[in-house]
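Residue numbers (the working numbering), protein chains in the order written: chain S, 10 to 125; chain W, 10 to 125. Just so you know, even glycine gets a beta-carbon here, dropped at the ideal spot from N, CA and C. Reading through the structure tokens given below for one structure.
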DNA sequence: AGAAACTGAAACGGTAGCGTAACGATCTCC
DNA sequence: GGAGATCGTTACGCTACCGTTTCAGTTTCT
């Protein structure tokens with residue numbers, strides 16, 4: 010059955026996660042970057058620049074730049090598609106998976122503080 | 010009783026909210042700004058620059074700048090404390106409350122898509 | 001083969017947040 | 001009253017993301 014949250018529970022959950030995220034001074038990803046990362050790891054591949062841009066409703070350079078930054082952090086990887094060499098396929102990495110695992114733990118921990 | 014989420018539920022929830030947030034191209038608040046806003050609205054007043062800085066674990070100029078930006082957006086208001094005129098007390102606004110209400114609705118909507 | 005379409009990336013100027021280091025204003029306390 | 005502490009803000013140079021435009025490489029279609 011669906012999860013029914015009250016307004017204060019929903020915001021409290023978000024607040025707890027955001028606060029913890031700020032305090033640990035982790036890599037400070039933009040909302041867009043975080044969204045791209047989650048999209049790559051939660052939605053079945055393949056992922057392309059164009060596809061991500063369409064899904065998020067942003068322009069392609071936004072995706073390219075985000076991949077540049079997150080690539081340097083080791084969170085994602087880029088590989089040219091051999092079947093159509095215009096395309097770039099975005100790959101997951103161990104570092105990226107670990108990063109999201111920590112984010113997930115944060116959400117879970119905050120969820121546990123809620124009574125439902 | 011506490012809310013027990015699986016890893017994929019937790020990340021799915023976060024993903025859904027972040028994605029929707031990006032797509033509507035709302036005011037694009039930083040993670041820090043969002044956290045400050047939530048802190049102001051969810052924690053009992055009074056809120057000061059120094060207090061927020063300590064809570065978030067950031068320096069005071071970070072708070073000042075965030076309040077500048079969010080003040081221009083009408084999300085918060087600043088008032089000098091008359092009992093100690095060094096202090097600035099941060100006040101809530103209708104616009105800010107509305108903004109967070111929408112964020113809460115987003116979280117609630119994504120929560121409803123989960124089975125628990 | 002050659003024009004047109006399409007993909008991701010690079011270039012450009014602009015804007016906003018960052019950390020550090022100062023700064024005025026105010027209060028405290030001797 | 002005056003030294004010193006405390007508050008929020010401003011100034012400075014820097015970095016990162018933004019939107020738009022342009023580009024090089026690749027494929028497609030006639």
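Chain W within 8 Å of residue i, Cβ atoms only
i, result
"residue 78 (chain S)", "no"
"residue 6 (chain S)", "Absent from the model: residue 6 (chain S). The displayed extent of chain S is 10 to 125, so no value can be given."
"residue 125 (chain S)", "yes"
"residue 110 (chain S)", "yes"
"residue 63 (chain S)", "no"
"residue 20 (chain S)", "yes"
"residue 66 (chain S)", "yes"
Closer than 8 Å to chain S by CB, residue i
i, result
"residue 113 (chain W)", "yes"
"residue 11 (chain W)", "yes"
"residue 44 (chain W)", "yes"
"residue 60 (chain W)", "no"
"residue 16 (chain W)", "yes"
"residue 41 (chain W)", "yes"
"residue 74 (chain W)", "no"
"residue 105 (chain W)", "no"
"residue 51 (chain W)", "yes"
"residue 92 (chain W)", "no"
"residue 47 (chain W)", "yes"
"residue 120 (chain W)", "yes"
From the options, residue whose alpha carbon lies closest to that of residue i
i, options, result
"residue 31 (chain W)", "S:23, S:84, S:42", "S:42"
"residue 108 (chain W)", "W:20, W:82, W:74", "W:82"
"residue 96 (chain S)", "S:38, S:55, S:20, S:21", "S:55"
"residue 101 (chain W)", "W:91, W:115, W:50, W:63", "W:50"
"residue 40 (chain W)", "W:72, W:91, W:114", "W:72"
"residue 106 (chain W)", "W:91, W:44, W:85", "W:85"
"residue 45 (chain W)", "W:61, W:53, W:33", "W:61"
"residue 94 (chain S)", "S:57, S:114, S:47", "S:57"
"residue 80 (chain S)", "S:104, S:114, S:59, S:91", "S:104"
Rounded Cβ spacing between residue i and residue j (contact assumed at less than 8 Å)
i, j, result
"residue 87 (chain S)", "residue 99 (chain S)", "6 Å"
"residue 112 (chain W)", "residue 23 (chain S)", "7 Å"
"residue 125 (chain S)", "residue 12 (chain W)", "5 Å"
"residue 20 (chain S)", "residue 47 (chain W)", "6 Å"
"residue 63 (chain S)", "residue 110 (chain W)", "Incorrect: roughly 29 Å between the Cβ atoms, too far for contact."
Query raised in the report: Any residues in the stretch 23-36 of chain S with a beta carbon nearer than 8 Å to a beta carbon of chain W? Which ones, in chain order?
Result: 23, 24, 26, 27, 28, 30, 31, 32, 34
Query raised in the report: Any contact of the stretch 113-120 of chain W with the stretch 68-79 of chain W, i.e. 3+ C-beta pairs under 8 Å?
Result: no
Query raised in the report: Do the stretch 61-70 of chain W and the stretch 19-28 of chain W make contact, defined as three or more Cβ pairs closer than 8 Å?
Result: no
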